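In the working numbering, the protein residues as written are -3 to 111.
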């Protein structure tokens, strides 16, 4: 009787580990600071986006910073600002592209780790 309970418990633990590992899509690979690459005739401004743990992030431009929350769904980076704005970026390797109103595209590339 004890062997049956032990086997059932063992199977339950293995299933939880397997399903838990496959159910969660780790966002750790997206964490970091991204710098914009903008090719326009306008004045070039550096824009940075920092993706932090727990879905927190920051949009850093000029002298300001806007905090937001983020998550990844269907190979898209979804950014939700506290004011209710939503931006969607297309993920590709270590970069993503966001199209702003006016058809302006910003490409953000992950910066190397600084030590």
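For glycine and all other residues, C-beta sits at the position ideal for the given N, C-alpha and C. What you are looking at is a predicted structure, and each value in this text was computed from that prediction instead of being measured.
Cβ separation of residue i and residue j, assumed to be a contact under 8 Å, to the nearest whole Å
{"i": "residue 73", "j": "residue 87", "result": "6 Å"}
Cβ pair residue i, residue j closer than 7 Å
{"i": "residue 67", "j": "residue 51", "result": "yes"}
{"i": "residue 45", "j": "residue 104", "result": "yes"}
{"i": "residue 99", "j": "residue 28", "result": "no"}
Among the options, the one whose alpha carbon lies nearest that of residue i
{"i": "residue 94", "options": "33, 108, 63 and 61", "result": "33"}
{"i": "residue 77", "options": "65, 25 and 71", "result": "65"}
{"i": "residue 58", "options": "107, 71, 42 and 84", "result": "42"}
{"i": "residue 108", "options": "22, 79, 31 and 24", "result": "31"}
{"i": "residue 69", "options": "84, 96 and 62", "result": "84"}
{"i": "residue 25", "options": "71, 97, 63 and 79", "result": "71"}
{"i": "residue 79", "options": "62, 22 and 97", "result": "62"}
Buried/exposed call for residue i, threshold 16 Cβ in 10 Å
{"i": "residue 47", "result": "buried"}
{"i": "residue 81", "result": "exposed"}
{"i": "residue 92", "result": "buried"}
{"i": "residue 96", "result": "exposed"}
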